[in-house]
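*Asks:* Count along the sequence shown from 1, add 2, and you get the number used in my numbering. Each residue gets a CB set at the ideal place from its N, CA and C atoms; glycine is no exception. Structure incoming, see below.
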Amino acid sequence: MSSYVKQQATIRLPVTMWREPVRGAAWQAELDLPDVGVYNPFRAEGRTQPEARRQLNDLVLGFLDRARHRPKGQHQ
3 MSSYVKQQAT IRLPVTMWRE PVRGAAWQAE LDLPDVGVYN PFRAEGRTQP
53 EARRQLNDLV LGFLDRARHR PKGQHQ
């Protein structure tokens, strides 16, 4: 399988953002995934909304990059 870019695309995913109602609380961002139970591996935090969103983007991009480089037939 070749790994060159044929055409760039944007993937839109549902994201929930919140923070605790106390002064200085960090913003939380997570993907809205069905049936993940208590632990959601796609959760990030930041001091501001944009920072939390960037952290979540980096987390998802890292996951996709690792999945792309995984040998064929290897699943988690």
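On the three-state DSSP scale, how would you describe residue 21?
*Replies:* Strand at residue 21.
*Asks:* Report all residues from its chain with a CB closer than 7 angstroms to the CB of residue 61; omit the five preceding and five following residues, and keep chain order.
*Replies:* Cβ within range, chain order: 44, 46.
*Asks:* Please state the DSSP three-state secondary structure of residue 30.
*Replies:* Looking at residue 30 - three-state DSSP - the assignment turns out to be strand.
*Asks:* Can you give me the Cβ contacts of residue 58 inside the same chain, cut-off strictly under 6 angstroms, excluding the 5 residues immediately before and after it?
*Replies:* The residues are 31, 46.
*Asks:* By a C-beta neighbour count over all protein chains shown, 10 Å radius and 16 as the cutoff for buried, is residue 54 buried or exposed?
*Replies:* Buried.
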